[in-house]
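Take 1 as the starting number for the sequence shown in our numbering and just add one per residue.
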Amino acid sequence: MMNQVKAVFQGDFDLLENIKISPLSRGYTFSDGIYEVVPFHNKAPIAFDEHIIRFKKSADAMNIVLDETKVIDEMSQLIDMCDGDNGYVYYQISRGIDEIRSHIHKTNLEPEYFGYSLNYDFEDKKFKVLLCEDIRWGRCDIKSTSLLANTLMMNNAASKGCNEIIMHKDGIITEAGASNVFFIIDDAICTPSLNNNILPGITRDMSIKIFRKNNINVFEDNFSIEQLLSASKVWLTSSTKGMAEVTDVYSENHSIKSENPLFNKCEDIFRTAFFND
């Protein structure tokens, strides 16, 4: 039950429903914070080191102090406290609490550390996506809690019966609303190359490495909407989605055929690497 979710705030562990924050928290007034989502399987975190490294990079980019030992310890405790063996930890650090709302923050603010763990079944899920213009800010490589553009676009997609989006900037594919994009053209896997418009997904990076290790061609480049729509298979990756198949592109009234041997091979490789299935 949601009211039994275990959480931590400023070092104190409690039920999520009991956690309270100040209305002058910069995380509340400005989305001035960063976050990570770490999945775990059989109580073991997946790619823990990689998530912590990215968390630190986001903190450095935002000039937010990150106590790595504290973060690792509290995330580990949240995993242990979770009722289920499979799930994820959401962990957020905001800059701190202002005396009064101000765009310019003081330099001595105490960062706020908050997290919770939740049971989650990593079951296969299929997605219907809406293609839309990428209207986000220019530093999407930072895993910031400021996700207003994402939520606006994803809720618009939901109103049309979709459960994700795929964004493009001037006709070039960037990423999905909460995941990275992969697709197959001929016998090769394609994914947009990293830049400031794309979050360096942990699952994305690990997928590329394990596919290449198994002698599968993976190309990172700029890809157009037309190339995406010509693909024989499209999927999304994230810490909670795993490898999630895209079946339909709403705005183009475009369906993607279900069977693809290369996708099936990649899916088997992925599940073995991530979940030891």
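Using N, Cα and C, we set each Cβ at its ideal position, and we do this for glycine too.
Cβ-based neighbour list, residue i, same chain, cut-off 7 Å, excluding 5 preceding and 5 following
{"i": "I202", "result": "A47, E50, H51, R54 and S239"}
{"i": "K233", "result": "F183, I184, I256, N260 and F263"}
{"i": "V246", "result": "F127, V129, V234, W235, L236 and I256"}
{"i": "R212", "result": "V218"}
{"i": "I269", "result": "I210, F211 and N214"}
{"i": "G96", "result": "R26, L109, E110, P111 and E112"}
Three-state class that DSSP yields for residue i in the structure shown
{"i": "K126", "result": "coil"}
{"i": "A178", "result": "coil"}
{"i": "Q4", "result": "helix"}
{"i": "K241", "result": "coil"}
{"i": "S291", "result": "No answer is possible for residue 291: the residues shown for the chain start at 1 and end at 277."}
{"i": "D12", "result": "strand"}
{"i": "I210", "result": "helix"}
{"i": "I278", "result": "In the structure displayed, the chain extends from 1 to 277; residue 278 sits before or after that span and is not available."}
{"i": "I97", "result": "strand"}
{"i": "P200", "result": "coil"}
{"i": "N18", "result": "helix"}
{"i": "L109", "result": "coil"}
DSSP bridge partner residues for residue i (one or two, in chain order)
{"i": "V234", "result": "F183 and V246"}
{"i": "Q92", "result": "Y35 and F114"}
{"i": "N119", "result": "G87"}
{"i": "A188", "result": "I185"}
{"i": "S255", "result": "D248"}
{"i": "C132", "result": "M167"}
{"i": "F274", "result": "Paired residue(s): none; F274 is not in a bridge."}
{"i": "F219", "result": "C190"}
{"i": "I173", "result": "H168"}
Contact set for residue i: own chain, Cβ-Cβ below 6 Å, skip 5 residues either direction
{"i": "K125", "result": "A244"}
{"i": "E36", "result": "H51, F55 and Y91"}
{"i": "I280", "result": "Here the chain covers residues 1 to 277 and nothing more, so residue 280 does not appear."}
Close Cβ partners of residue i (< 8 Å) along its chain, the five nearest in sequence each way excluded
{"i": "M206", "result": "A47, E50, A273 and F274"}
{"i": "V65", "result": "A59 and P111"}
{"i": "R281", "result": "Residue 281 falls outside the range modelled here, since the chain spans only 1 to 277, and no answer is possible."}
Residue i classed as buried or exposed, judged by whether at least 16 other C-beta atoms fall within 10 angstroms
{"i": "N150", "result": "buried"}
{"i": "E226", "result": "exposed"}
{"i": "T191", "result": "buried"}
{"i": "N180", "result": "buried"}
{"i": "I173", "result": "buried"}
Residue-chain proximity (residue i, chain B), Cβ-Cβ < 7 Å
{"i": "D49", "result": "In summary, chain B is missing from the structure at hand, where a single protein chain is found."}
_beta strand (DSSP E) runs contained entirely in the region 23-78, provided each spans 3 or more residues_ = 33-41
_Length-filtered (4 minimum) alpha helix (DSSP H) runs lying within the region 136-169_ = 148-159
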